[in-house]
Structures are given as structure tokens and as C-alpha cells.
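So the structure is just underneath, and the comments pick up after that.
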Amino acid sequence: MAEQVAHPTLSRRDPVSQEQNTARKTVHVQLDTPIVRGEQSITALTLRKPASGELRGLKLVDLINMDVTALITLLPRISSPTLTAADAAAMDLPDLTQCAIEVASFFVTRAQLETLESPPA
Numbered sequence: 001m002a003e004q005v006a007h008p009t010l011s012r013r014d015p016v017s018q019e020q021n022t023a024r025k026t027v028h029v030q031l032d033t034p035i036v037r038g039e040q041s042i043t044a045l046t047l048r049k050p051a052s053g054e055l056r057g058l059k060l061v062d063l064i065n066m067d068v069t070a071l072i073t074l075l076p077r078i079s080s081p082t083l084t085a086a087d088a089a090a091m092d093l094p095d096l097t098q099c100a101i102e103v104a105s106f107f108v109t110r111a112q113l114e115t116l117e118s119p120p121a
């Protein structure tokens, strides 16, 4: 289990309980081109639906529009194993695109998904 490190600017009385935090939606992304760090090779990522605080300094519209700079900022905050900004910036384009699609999907409501998934009448 990954060690949790407290964020220096966040209150210890975070309104999101640990149970709610771990229950957040996650998606698995299989990488076509592994990310290599020394002898470590990352072949897949798990992306966690970000909490509002993890979006600080980012514009929602940039993430929905799959802006590369916004993705490079966000991916280290929501990925497991944790990517660095340099890792995210060096990702192969199809892998970054797949991550961008998954991140954008986090902003779709259940009702919107049901509308998209149901066949037209």
C-alpha cells in the first residue's frame, strides 16, 4: 500500500473521509509504450477521479479539451504508480491521448453516460 503524505497546505480536517477517498472512480490504462525509469518499466497506469482540490490551478475546460499542459500537471496528482511531470511530458502520444480520454470521462455525469449509452428511440 502506498504511503500517504499529508499536503502541507491542506487542513487535517479534510471533509472527504478516507473511505470516500478510496471509493472514487478509477480507470486502468494499458500503455502501448512503457515509461522507463532506470530499471523500472511502467506498462500500465491507474488513474483516479480527481477531487476538487487536485484541480487547483487548472481549468476544467482545458482538461475536457485534452490540453497537454493541463494533463501534464494533473497526471502526477492522480496516477498510480505516481508519474512525474517529466514522465507525463515524455509519454508516447497514443498513451497520453488514452489518458486524456479517461480524464475527460471523469467530468461526465451518470445521467449523461446513460444518455450516451442508451440507443435512440
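The numbers in the UniProt record's numbering rise by one with no breaks, and the one at position 71 of the sequence shown is 71. Backbone N, C-alpha and C fix where the C-beta goes; we use that ideal spot for every residue, glycine too.
Check, Outcome
"Do you know whose CA, among Arg-48, Leu-31 and Arg-110, lies nearest Ala-90's CA?", "Leu-31"
"Helix or strand or just coil, what does DSSP make of Thr-82?", "coil"
"With which residues is Gln-40 paired in a DSSP beta bridge?", "Arg-37"
"Looking at the structure shown, is Thr-109 part of a helix, part of a strand, or coil, going by DSSP?", "coil"
"Across which residues does DSSP place Arg-48 in a beta bridge pair?", "Thr-26"
"How many Å lie between Lys-25 and Phe-106 at the Cα?", "8 Å"
"Anyone know if the C-beta pair for Val-103 and Leu-74 falls short of 8 Å?", "yes"
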